[in-house]
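Please read the structure below before turning to the comments.
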Amino acid sequence: MIIGDSETVSSYKNQWDRFFDKFGYRDKITKLRDFYPDQKSLSVPYQEIANFDNDFATSLKDNPSICIRAGEDLIRSFLESSKDFESKRINIRITNLPEKDFSVEIRDIRSDRIGKLISVSGIVRKNTEVLPRIQLAVFQCSKCASLTALEQSRGKLEEPSRCESCGEERPKVRFKLMPELCEFVDYQKVELQENPETIEGGAQPQRISIVLEDDITGYIFPGDRITIDGILMSEQKRSGNLLLTEFVTHLYALSFSKETKEIETLNITPEEEAQIIDLSKSDKILEKFTKSIAPSIYGHEDIKRTLALQMFGGIRKIMKDGTKIRGDIHILLVGDPGTAKSQLLRYMADISPRGVLALGKGASAAGLTAAAVRDEFGEGRWTLEAGVLVLANNGLAAIDELDKMDPQDTGAMHEAMEQQSFAYDTMIQLKEGTSLRIGEFVDSMIDENSTEVVEGKDCQVLEVREKIMVPTSDFEGTGFTTIRQVSRHIAPHEMIRIKVEDGSLVEVTANHPFWVVKNGSLVLVDADQLNDSDYVISTVSRDSQGERDYLDSLVSGTRTKRWFSGLTLKRISEVSKVSYSRKWVYDIAVSENSTFANSDMVLHNSITISKAGIMATLRSTCSVLAAANPTFGKYNPNLPLSEQTKFPLPLLSRFDVIFKLVDKVSEDLDYRLANHILKTHKVGEIYRGMESNEITDYSISDENDLIPQIEKN
Numbered sequence: 001m002i003i004g005d006s007e008t009v010s011s012y013k014n015q016w017d018r019f020f021d022k023f024g025y026r027d028k029i030t031k032l033r034d035f036y037p038d039q040k041s042l043s044v045p046y047q048e049i050a051n052f053d054n055d056f057a058t059s060l061k062d063n064p065s066i067c068i069r070a071g072e073d074l075i076r077s078f079l080e081s082s083k084d085f086e087s088k089r090i091n092i093r094i095t096n097l098p099e100k101d102f103s104v105e106i107r108d109i110r111s112d113r114i115g116k117l118i119s120v121s122g123i124v125r126k127n128t129e130v131l132p133r134i135q136l137a138v139f140q141c142s143k144c145a146s147l148t149a150l151e152q153s154r155g156k157l158e159e160p161s162r163c164e165s166c167g168e169e170r171p172k173v174r175f176k177l178m179p180e181l182c183e184f185v186d187y188q189k190v191e192l193q194e195n196p197e198t199i200e201g202g203a204q205p206q207r208i209s210i211v212l213e214d215d216i217t218g219y220i221f222p223g224d225r226i227t228i229d230g231i232l233m234s235e236q237k238r239s240g241n242l243l244l245t246e247f248v249t250h251l252y253a254l255s256f257s258k259e260t261k262e263i264e265t266l267n268i269t270p271e272e273e274a275q276i277i278d279l280s281k282s283d284k285i286l287e288k289f290t291k292s293i294a295p296s297i298y299g300h301e302d303i304k305r306t307l308a309l310q311m312f313g314g315i316r317k318i319m320k321d322g323t324k325i326r327g328d329i330h331i332l333l334v335g336d337p338g339t340a341k342s343q344l345l346r347y348m349a350d351i352s353p354r355g356v357l358a359l360g361k362g363a364s365a366a367g368l369t370a371a372a373v374r375d376e377f378g379e380g381r382w383t384l385e386a387g388v389l390v391l392a393n394n395g396l397a398a399i400d401e402l403d404k405m406d407p408q409d410t411g412a413m414h415e416a417m418e419q420q421s422f423a424y425d426t427m428i429q430l431k432e433g434t435s436l437r438i439g440e441f442v443d444s445m446i447d448e449n450s451t452e453v454v455e456g457k458d459c460q461v462l463e464v465r466e467k468i469m470v471p472t473s474d475f476e477g478t479g480f481t482t483i484r485q486v487s488r489h490i491a492p493h494e495m496i497r498i499k500v501e502d503g504s505l506v507e508v509t510a511n512h513p514f515w516v517v518k519n520g521s522l523v524l525v526d527a528d529q530l531n532d533s534d535y536v537i538s539t540v541s542r543d544s545q546g547e548r549d550y551l552d553s554l555v556s557g558t559r560t561k562r563w564f565s566g567l568t569l570k571r572i573s574e575v576s577k578v579s580y581s582r583k584w585v586y587d588i589a590v591s592e593n594s595t596f597a598n599s600d601m602v603l604h605n606s607i608t609i610s611k612a613g614i615m616a617t618l619r620s621t622c623s624v625l626a627a628a629n630p631t632f633g634k635y636n637p638n639l640p641l642s643e644q645t646k647f648p649l650p651l652l653s654r655f656d657v658i659f660k661l662v663d664k665v666s667e668d669l670d671y672r673l674a675n676h677i678l679k680t681h682k683v684g685e686i687y688r689g690m691e692s693n694e695i696t697d698y699s700i701s702d703e704n705d706l707i708p709q710i711e712k713n
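Using this note's numbering, read the sequence shown as starting at 1 and increasing by one per residue.
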């Protein structure tokens with residue numbers, strides 16, 4: 001049903017009809033009929049509509065909901081001759097909205113944009129899983145048993161007010177929802193946050209909710225930089241059963257595009273270009289950059305030089321044997337309090353085009369990497385939220401007070417870079433029923449898409465662009481989820497073999513976590529810490545009635561118990577170390593949950609949350625600058641670094657450069673530092689005087705002593 005006066009709707013249909021004829025869309029519409037439901041959307045670039053009829057383009061811009069629904073209704077009428085398309089869902093997806101007329105920053109969205117086409121860009125902060133939403137609900141009357149169909153909007157389920165057959169109204173009759181007769185559409189919510197480089201000063205990034213439906217769901221993940229073309233919608237807020245005067249907005253997505261470029265396009269003036277060329281010819285270019293970094297901080301020339309190199313980064317290199325070396329630099333500053341560690345981090349995060357700053361004491365493992373959380377955004381269900389390292393993709397992640405983080409949280413960083421993988425012969429199942437070895441599957445994916453493979457340290461990662469689905473569980477039931485990434489890692493010499501009581505087994509790396517039941521709770525335990533008395537989560541075979549009978553048995557007793565719908569518990573019968581001779585071990589990252597299921601067990605997907613975020617950023621496209629204080633408050637040069645921090649050695653080894661900052665007792669150094677601080681305050685007075693035009697030659701002389709020439713330019 002199209003809401004709008006019939007004359008306007010008829011006019012829009014006539015314009016769409018002429019547009020389809022003129023631009024050759026009839027053949028594309030015919031293909032929709034032939035390939036439905038695999039293909040149910042018609043992509044229409046906005047510029048083609050503008051070239052066809054500017055007035056029609058304006059109508060689409062100002063009244064997109066009615067205009068697009070009219071076009072979709074027209075397409076259904078074209079297709080009804082050969083198939084029953086009257087109630088089928090057809091989507092017109094407007095693409096490539098011109099930036100000049102439609103692009104708007106998230107923080108600049110105002111009420112005058114409601115109901116209009118807009119385009120917003122940002123980085124995905126979190127997303128929900130793909131869920132079914134009722135678009136056409138069918139109800140059964142409690143009196144006459146007749147059926148009534150009612151279109152549903154997003155939000156609360158709307159019931160009929162009266163029965164169309166017997167005429168009885170509520171509350172005299174009740175209406176029962178008939179889910180098996182309802183029509184559903186795939187539905188997903190995404191939270192989009194402003195890109196870090198567009199935020200000025202210390203402003204907090206603004207966010208907007210995005211609603212995706214049907215065939216564009218399941219392709220957007222936390223950390224993705226995207227541009228969304230859609231309709232700005234509003235929804236009235238509620239307080240219990242009361243409707244409030246305030247509304248909240250969201251963007252109903254028509255189409256989206258992912259940013260794939262790694263280098264920003266900058267607009268520079270001819271004068272700036274000339275200055276850049278002059279600087280490039282200088283023999284002391286590195287020295288000039290070094291002196292321009294945090295000039296108000298005294299000393300630390302070696303650190304500043306390294307920070308300059310980190311800011312520019314290196315170039316990913318491919319060796320003759322095929323080995324690839326990343327170009328990103330990871331730096332750790334460890335030292336006494338008051339040695340300007342935090343100021344250096346804040347300065348670098350501020351000048352980096354994609355810099356993100358996080359405080360260790362306020363950043364959990366979720367805050368650094370990513371996490372599955374239950375919140376209002378996901379309407380009580382699990383959502384996947386991106387952390388600092390994901391948001392800083394292709395930029396700099398500055399992590400201050402790393403020593404203030406809990407050990408399990410810093411462990412999340414290490415977990416992301418460690419091997420938590422499966423042996424080649426581990427069997428996986430695809431949605432269509434195919435069973436194959438994980439090694440065979442990942443090897444073929446990486447070999448077929450070799451140009452898109454991202455090289456990490458001793459690993460290769462590939463983002464999967466196809467929609468390949470595997471079984472999954474959120475511990476409330478089983479279903480299917482989309483594979484986001486596959487990866488393979490240089491294998492250890494030994495693996496851990498986990499065998500359960502029915503004879504099924506899996507081989508994993510030693511630190512691969514398993515979901516097990518401990519004291520009635522579901523916890524994660526590393527493979528090498530498992531015992532033969534532990535219970536692991538397993539899927540229930542569809543044709544195995546015996547496993548279904550576990551429903552009535554006990555968790556802590558001598559038998560296993562059915563835990564959730566479609567799941568059961570199996571007791572581990574053997575945990576052993578086995579030799580492993582293959583080159584690689586393998587991982588799969590799924591998109592919505594932290595697990596995927598093979599034919600035997602529900603397996604923890606270590607790279608879905610923390611590992612995926614860091615493997616895709618820290619190792620490959622994100623530089624990390626971290627700072628920490630020594631465990632005992634002051635750095636002791638007589639003790640090794642590993643004894644003065646609580647970080648595990650494997651985590652420390654992930655940093656390319658570690659600087660030790662010591663506050664030495666030196667009268668001469670203190671004198672020079674105090675003199676520098678006084679001059680810094682003097683320059684502050686000079687800048688304040690510039691605003692009031694109170695500048696003297698003496699002040700300018702002081703300025704020249706402190707401010708590097710490159711900053712003056």
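Don't be surprised by glycine CBs; every beta carbon is placed ideally from N, CA and C.
Please read these numbers as outputs of a predicted model, since none were measured by experiment.
Status (buried if at least 16 other CB within 10 Å, exposed otherwise) for residue i
i: histidine 512; result: buried
i: proline 37; result: exposed
i: glycine 395; result: buried
i: asparagine 531; result: exposed
i: serine 77; result: exposed
i: lysine 61; result: buried
i: arginine 465; result: exposed
i: arginine 174; result: exposed
i: asparagine 91; result: buried
i: serine 623; result: buried
i: serine 111; result: exposed
i: arginine 582; result: exposed
Near the ligand SAH: residue i beta-carbon under 7 angstroms from a heavy atom
i: glutamate 440; result: The ligand SAH is absent from the structure shown, which contains no ligand whatsoever.
Pick from the options that is closest to residue i, judged by C-alpha positions
i: cysteine 67; options: Arg437, Ile483, Glu7, Glu494; result: Glu7
i: isoleucine 658; options: Phe647, His489, Pro471, Arg89; result: Phe647
i: aspartate 27; options: Lys660, Ser10, Ser533, Leu42; result: Leu42
i: phenylalanine 19; options: Lys40, Leu32, Gln47, Glu466; result: Gln47
i: glycine 314; options: Lys284, Asp328, Phe56, Asp302; result: Asp328
i: asparagine 728; options: Val185, Gly218, Lys660; result: No statement about residue 728 is possible, as the shown extent of the chain runs from 1 to 713 and does not include it.
i: arginine 170; options: Phe139, Glu80, Glu151, Asn195; result: Phe139
i: threonine 645; options: Asp656, Phe632, Phe480; result: Phe632
i: threonine 434; options: Pro471, Ser257, Ser280, Ser342; result: Pro471
i: glutamate 259; options: Ser121, Pro196, Glu129, Pro270; result: Ser121
i: methionine 233; options: Ile220, Asn195, Tyr252, Gly338; result: Tyr252
i: valine 508; options: Thr451, Glu440, Trp584, Phe441; result: Trp584
i: aspartate 229; options: Gly439, Glu151, Leu212, Ser576; result: Leu212
i: lysine 714; options: Ser255, Pro640, Gly240; result: Residue 714 is absent from the structure shown; the chain starts at 1 and stops at 713.
i: isoleucine 49; options: Tyr25, Ile29, Met469; result: Tyr25
Own chain, CB closer than 7 angstroms to residue i, minus 5 neighbours either side, in chain order
i: lysine 22; result: Phe52
i: leucine 345; result: Leu357, Ala398, Asp400, Leu625, Ala627
i: proline 45; result: Thr95, Asn96
i: cysteine 182; result: Ile134, Leu136, Ala137, Val138
i: threonine 306; result: Ile331, Val657
i: lysine 577; result: Glu494, Ile496
Inter-residue CB distance, residue i and residue j (contact presumed, cutoff 8 angstroms)
i: isoleucine 114; j: threonine 249; result: 7 angstroms
i: lysine 570; j: valine 525; result: Rounded, the Cβ-Cβ distance is 15 angstroms, inconsistent with contact.
i: cysteine 459; j: histidine 489; result: 4 angstroms
i: isoleucine 428; j: valine 486; result: Actually they are not in contact, since the Cβ atoms of isoleucine 428 and valine 486 sit about 11 angstroms apart, beyond 8 angstroms.
i: valine 185; j: arginine 238; result: So it is not a contact: roughly 23 angstroms between Cβ atoms.
i: methionine 495; j: alanine 423; result: 6 angstroms
i: glutamine 236; j: alanine 294; result: Actually they are not in contact, since the Cβ atoms of glutamine 236 and alanine 294 sit about 49 angstroms apart, beyond 8 angstroms.
i: leucine 462; j: asparagine 449; result: 6 angstroms
CB contact below 8 angstroms: residue i versus chain B
i: phenylalanine 289; result: You won't find chain B in this structure, because it holds only one protein chain.
Same chain only: Cβ atoms within 8 angstroms of residue i, ignoring 5 sequence neighbours per side
i: alanine 338; result: Sequence check: residue 338 is glycine here, not alanine. If we look at glycine 338 and ignore the five residues flanking it on each side, its Cβ neighbours are Asp663.
What ranges does the beta strand (DSSP E) occupy inside the segment 457–516, keeping only unbroken runs of at least 3 residues that lie completely in it?
459–463, 469–473, 478–490, 494–500, 505–508
Runs of 3 residues minimum, wholly inside the segment 234–284: which ones carry the beta strand (DSSP E) assignment?
242–258
Return the chain-ordered ranges of every alpha helix (DSSP H) run that is complete within the segment 651–679 and spans a minimum of 4 residues.
none
Please list the segments of the beta strand (DSSP E) lying wholly inside the segment 127–178, counting only runs of 3 or more residues, in order along the chain.
131–141, 147–151, 175–177
Which runs of the beta strand (DSSP E) at least 3 residues long sit entirely within the segment 14–67? Give them in chain order.
41–45
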